[in-house]
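S.K.: There's a structure below that I have some questions on.
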């Protein structure tokens, strides 16, 4: 069997003996989104669950916002998703000068300017404040102690923003249940010791792939 795998921006091809193939799992159902930007614009106005962005902004009246995005180790099409979200925020009265895009590097290395530009898109990089999270920054904000006993240290830009949004992919995760979502905060924009303490619990009872209820991670 011959198969193709993505490797950065390139493809690599593997030839696997048929005797080593137990089976091939393929996703079932669903169709690719034809126009991702248009779909994002629609969903921020009419979400499938919870209040719309307009409702959230009208209630909280934020002057600043932090948008957490994935770094280059994830396949999220951030450059396509950000513009309609930013346009809606500005339409609702949040000034561009008060909006920051924070790259959730976790404990990964910071991205270069060119990598960051590719991740968020040229227009966003040129207009908005974009920063890489630094898990070793001396100005992380202490948000208190979690039920697990872990001290939660968070990126200052995220902690001090009036409004926090996170965009990214949601995938099965082998011990956190699912990647994305809450993981945009921890480990995404958390301090190194917070992340390491959290990761040490990967063998705790109740953790596992696809498990959310009762999962301490």
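Numbering (the working numbering), first residue to last: 13 to 229. Where a beta carbon is used, it is the ideal one built from N, C-alpha and C, also for glycine.
If we ignore side chains and look at the alpha-carbon of each, how far apart do residue 227 and residue 62 end up?
M.R.: Position 215 of the chain shown, counted from the start, is the residue given in the question as residue 227. Position 50 of the chain shown, counted from the start, is the residue given in the question as residue 62. Roughly 23 Å separates the two Cα atoms.
S.K.: Determine the closest residue to residue 134 out of 22, 91 and 43, with distance taken between C-alpha atoms.
M.R.: Locating residue 134 in the chain shown gives position 122, where the first residue counts as 1. If we check each option's Cα against that of residue 134, 91 comes out closest.
S.K.: Count the other CB atoms within 10 Å of the CB of residue 176; is the residue buried (16 or more) or exposed (fewer)?
M.R.: Along the chain shown, one-based indexing puts residue 176 at 164. Buried is the call here.
S.K.: In the stretch 69 to 125, which residue ranges form an unbroken beta strand (DSSP E) of at least 3 residues, counting only runs that do not cross its ends?
M.R.: You should have 77 to 82 and 111 to 116.
S.K.: If we count the other Cβ atoms within 10 Å of its Cβ and call it buried at 16 or more, is residue 225 buried or exposed?
M.R.: Working through the chain shown from its first residue, we reach residue 225 at position 213. Counting Cβ neighbours within 10 Å, residue 225 comes out exposed, since fewer than 16 surround it.
S.K.: Just to check my reading of the structure: residue 10 and residue 180 have Cβ atoms closer than 8 Å, yes? What is that Cβ distance to the nearest angstrom?
M.R.: Nothing in the structure corresponds to residue 10, since the chain is present only between 13 and 229.
S.K.: So residue 189 and residue 182 are in contact, right, with Cβ under 8 Å, and what is the actual spacing, rounded?
M.R.: Counted from its first residue, the chain shown places residue 189 at position 177. Counted from its first residue, the chain shown places residue 182 at position 170. Not really, about 10 Å apart at Cβ, beyond 8 Å.
S.K.: So is residue 118 buried or exposed if we call it buried at 16+ other beta carbons inside 10 Å?
M.R.: Counting from one through the chain shown, the residue named residue 118 turns up at place 106. Buried: at least 16 other Cβ atoms inside 10 Å.
S.K.: Can you find at least 3 beta carbon pairs, one from the stretch 161 to 173 and one from the stretch 119 to 131, that sit closer than 8 Å?
M.R.: Contact fails: fewer than three Cβ-Cβ distances are below 8 Å.
S.K.: Per DSSP, what are the beta-bridge partners of residue 14 in this structure?
M.R.: As a working note, residue 14 is residue 2 in the chain shown. Answer is 27.
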